[in-house]
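See below for the structure under consideration.
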Amino acid sequence: MDTNRLEKIRSEIDALDRELAGLIEKRMDLVSLVAEYKSRNNVNVLDAKREEKVIENALSVVSNADYSNSIRAAFESIMALSREYQRKKIKNKGVGAKRYALIGEHLSHSMSVPVHEAFFSEAGIQDSYELMEIPRNELPGVLCRLKAEGFSGINVTIPYKTEIMSQLDSVSAEAERIGAVNTILLDEKFKGYNTDYGGF
72 MDTNRLEKIR SEIDALDREL AGLIEKRMDL VSLVAEYKSR NNVNVLDAKR
122 EEKVIENALS VVSNADYSNS IRAAFESIMA LSREYQRKKI KNKGVGAKRY
172 ALIGEHLSHS MSVPVHEAFF SEAGIQDSYE LMEIPRNELP GVLCRLKAEG
222 FSGINVTIPY KTEIMSQLDS VSAEAERIGA VNTILLDEKF KGYNTDYGGF
C-alpha cells in the first residue's frame, strides 16, 4: 500500500468518525429523555436485560464475525457512558428538586402542568409538576403512596376535595370552614389547605 492509498483510507475513516460522532450525539439526546423518564418514575438507571438486548440488536447487522467482539466492546463502552450520563443528569436534577402533582378523575382539560412549568422556569426552579388521574378505588392510602414516591405536595380537584380529608392529619382554618381542600402538603404530617378561600 502506498502513501496516497493510506491517506485516502484515513480520510474515509475521518469522515466516518464525524458521522459516528453525530449519531452518538443524537443517541445521547435520546438517552437524556430516558433519564428524564427514570427520574420522574424512580426507575433504576441500570437495566441489564435492556442493555444486552441493545447490544444483540446491534450485533445482528454485523456480517463479519471477526469484528463481533470489538463491536460488542464498543457498545458496552457506550452503555457505560450512557449510564454515567444518566446518573449525573438525575443527580443534578434531583438536588433540591421537588415533585408535585394534581390528582382527580378527569384531568385532560387541566392547564396546571404548563402553568406550573412556566412558573418553575421563570423562577429558576427545577421542580416538576404532573397530572395523576386517580380512580376512586385507588383513593384510599393515595397520600401515603405519593409521599413514598417522593412527592412533596399535591393539588386536589373534583371529585376528591372532600373525600381526601379523611387521610389528613390537620387542615387549615379556611379549609375547615369550607369543608374541602385543594392543596396538601406531604410532610411528616399531611396538612390540607383551601386556596380558593380568598376568592370566596
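Numbering (the numbering used here), first residue to last: 72 to 271. Glycine included, C-beta positions come from ideal geometry on N, C-alpha and C.
task = Grab me the residues of F261's own chain with a C-beta within less than 7 Å of its C-beta, minus the 5 sequence neighbours each way, in chain order.
result = In the same chain as F261, and ignoring 5 residues on each side of it, the C-beta atoms closer than 7 Å to its own belong to L214, Q238, L239, D240, I255, in chain order.
task = Go through its chain and collect everything with a Cβ distance to G221's Cβ below 6 Å, but skip five positions before and after it.
result = The answer, listed in chain order, is R170.
key: Segment limits, alpha helix (DSSP H) that includes L256   = Unbroken run through L256 is the beta strand (DSSP E), 254-257; no alpha helix (DSSP H).
task = Have a look at L87 and K159 and give me their C-alpha separation to the nearest angstrom.
result = Whole-angstrom Cα-Cα distance: 29 Å.
C-beta atoms of M236 and G212 nearer than 9 Å = Cβ distance not < 9 Å, so M236 and G212 don't count as in contact.
request  = Give the C-beta separation of T228 and N265 to the nearest angstrom, bearing in mind that I take them to be a contact with Cβ-Cβ under 8 Å.
outcome  = Going by Cβ atoms, the distance from T228 to N265 rounds to 12 Å, so no, they are not a contact pair.
query = What residue from L130, S243, S134 has the CA that sits closest to D267's CA?
reply = Out of L130, S243, S134, the CA that lies nearest to the CA of D267 is found in S243.
C-alpha distance - N113 paired with L104, whole-angstrom precision = Answer to the nearest angstrom: the Cα atoms are 14 Å apart.
ask   = Quick one: Cα of D258 to Cα of I142, how far?
value = Straight-line Cα distance between these residues: approximately 50 Å.
task = Return helix, strand or coil for F271, following the three-state DSSP convention.
result = Residue confidence is low: F271 scores 46 on pLDDT, short of 50, so the model does not pin down where it sits. Its coordinate-derived value is still stated next. Here F271 carries a coil assignment [DSSP, helix/strand/coil].
query = Less than 8 Å between the CB of R121 and some heavy atom of the ligand NAP, yes or no?
reply = Summarising the ligand content, the structure contains no ligands, and the ligand NAP is consequently not present.
ask   = What residues in its chain sit with their C-beta under 6 Å from that of K79, if we drop five residues either side in the sequence?
value = Cβ within range, chain order: n/a, list empty.
request  = Mind checking which residues open and close the beta strand (DSSP E) that includes G263?
outcome  = It spans 261-264 - the beta strand (DSSP E) in which G263 sits, taken as one unbroken run.
message = In the DSSP output, what is E204 paired with across the bridge?
response = G175.
message = Strictly by DSSP, which residues pair up with F222?
response = Per the DSSP secondary-structure output, F222 pairs in a beta bridge with R170.
request  = For T116, name the three-state secondary structure that DSSP assigns.
outcome  = The question names Thr, but residue 116 in the sequence shown is Val. DSSP places V116 in coil when its eight states are reduced to three.
inquiry  = What does the Cβ neighbour count give for H187, buried or exposed, with the cut at 16 atoms within 10 Å?
reply    = Buried, since its Cβ has 16 or more Cβ neighbours within 10 Å.
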